[in-house]
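The structure appears below as structure tokens.
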Amino acid sequence: MTFFAPFCLPFIIGALTMFSILAWKWGSWLWRLSRADKLAVLRAVPTRATWEALREAVCEALLHRRIFRINPVLGYMHMSLALGWFLLIAVGWAETLAYMGLRYVPLQGHVFFKYFATGLPHKPVFDFVMDLLLLFVLSGVALAWFKRLRSRALGLRRTTRHVAGDRVALAALWFIFPARLAAESATCALYGGGSFLTGTLGGWMAAHAGTMALMNFETVAWWFYSSCLGLFFVALPFSRYMHIFTEIPLIFLRRYGLRSSEKEGSYDRFQVEACSRC
Numbered sequence: 205m206t207f208f209a210p211f212c213l214p215f216i217i218g219a220l221t222m223f224s225i226l227a228w229k230w231g232s233w234l235w236r237l238s239r240a241d242k243l244a245v246l247r248a249v250p251t252r253a254t255w256e257a258l259r260e261a262v263c264e265a266l267l268h269r270r271i272f273r274i275n276p277v278l279g280y281m282h283m284s285l286a287l288g289w290f291l292l293i294a295v296g297w298a299e300t301l302a303y304m305g306l307r308y309v310p311l312q313g314h315v316f317f318k319y320f321a322t323g324l325p326h327k328p329v330f331d332f333v334m335d336l337l338l339l340f341v342l343s344g345v346a347l348a349w350f351k352r353l354r355s356r357a358l359g360l361r362r363t364t365r366h367v368a369g370d371r372v373a374l375a376a377l378w379f380i381f382p383a384r385l386a387a388e389s390a391t392c393a394l395y396g397g398g399s400f401l402t403g404t405l406g407g408w409m410a411a412h413a414g415t416m417a418l419m420n421f422e423t424v425a426w427w428f429y430s431s432c433l434g435l436f437f438v439a440l441p442f443s444r445y446m447h448i449f450t451e452i453p454l455i456f457l458r459r460y461g462l463r464s465s466e467k468e469g470s471y472d473r474f475q476v477e478a479c480s481r482c
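Each residue of the sequence shown is one higher than the last, beginning at 205 in my numbering.
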């Protein structure tokens, strides 16, 4: 099985761009830490501080505990996007492993596995769990759309002012998971499979559209999904959503005892980038 199709290119380019920028930023900031800070990190790694940092990272970066305490609806919105996407990735990797064993699968093979695995026997448990997680994330996306239109209904008096990079990243993020639903449902319409969400929608598509129309729609949907992912990844390092990847190392550095000094240093760069301005 060849895990490549032309529509994968936007995703591949976007992922390479994002990870390259993240590696450069993180690498340069960590390298510029003072000698005392570097020694403090090395001494703290094998201690209880690491486990406390892991716990805090899960509670704040995935579960968004602080937001939940202030506004449960907003907390659920953030959690469904963060935790839901994380679980989609984790369960997706487990699904690929269940099908392919220890065979090497490139990154796009994991992300677009439903497209490439149409010739394999279906595993109903994975189909159900992946549909459930996708619905979980889509509920958060729906709340995000509603928040943008009616923020006061969610208890917000003001919303964040977005710069150009924020708007591009936000628009791409809003369409990633609806595009995924459309793409996977179209594949289910042509080849079967799926569960209560993609399988049901795919069955409806198959009953109301011809094979050629479905094939054309499937191609467009997978291209759109890949393009949304790629655009989000390219825009992310230049937007407020950079806090997604910077908040976690900042948590670890704080637990390791690093603090701001009178003169701005590398630690302050982590603090600035970890601020979501929301």
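Glycine included, every Cβ here is placed at the ideal spot set by N, Cα and C.
* **With 16 other Cβ atoms within 10 Å as the buried cut-off, status of K467** => exposed
* Give a yes or no on whether the C-beta atoms belonging to F316 and M205 are separated by under 9 angstroms. => no
* Roughly how many angstroms separate the alpha carbons of C482 and M304, rounded to a whole number? -> Interpretation of C482 is limited by its pLDDT of 41, a score under 50 that renders its predicted location unreliable; the figure taken from the coordinates is listed afterwards. Approximately 42 angstroms, taken between the alpha carbons.
* Asked: Under the three-state reduction of DSSP, which class applies to F208: helix, strand or coil?
  -> Collapsing the DSSP output to three states places F208 in coil.
* Once you ignore the five residues that flank Y284 on each side, which residues in its own chain have a CB closer than 7 angstroms to its CB? -> Checking the sequence shown, residue 284 turns out to be Ser, not Tyr. If we look at S284 and ignore the five residues flanking it on each side, its Cβ neighbours are F340, V341, S343, G344.
* To do: Can you give me the Cβ contacts of Y429 inside the same chain, cut-off strictly under 6 angstroms, excluding the 5 residues immediately before and after it?
  => Taken in chain order, the residues that qualify are A383, R384, A387.
* Asked: Residues in its own chain within less than 6 angstroms of C392 by CB, not counting five upstream and five downstream?
  -> G398, T402, G403, G406
* Taking only the alpha-carbon atoms, compute the straight-line gap between A375 and F215 and give it to the nearest angstrom. => 16 angstroms
* Would you tell me roughly how many angstroms separate the C-alpha atoms of K318 and A302, rounded to the nearest one? => 13 angstroms
* Asked: Roughly how many angstroms separate the alpha carbons of E260 and P325, rounded to a whole number?
  -> 40 angstroms
* Asked: Is the stretch 412–431 in contact with the stretch 448–459, if contact means three or more CB pairs nearer than 8 angstroms?
  -> Touching, no.
* **Bounding residues of the alpha helix (DSSP H) (the contiguous stretch that carries L164)** => There is simply no residue 164 to check, as the chain begins at 205 and stops at 482 in what is shown.
* Take Y280 as the anchor and find which of T300, C432, K351, M416 has the nearest alpha-carbon. => K351
* Span of the alpha helix (DSSP H), counted from its first residue to its last, around T322 -> Here T322 belongs to no alpha helix (DSSP H), and DSSP marks it neither H nor E.
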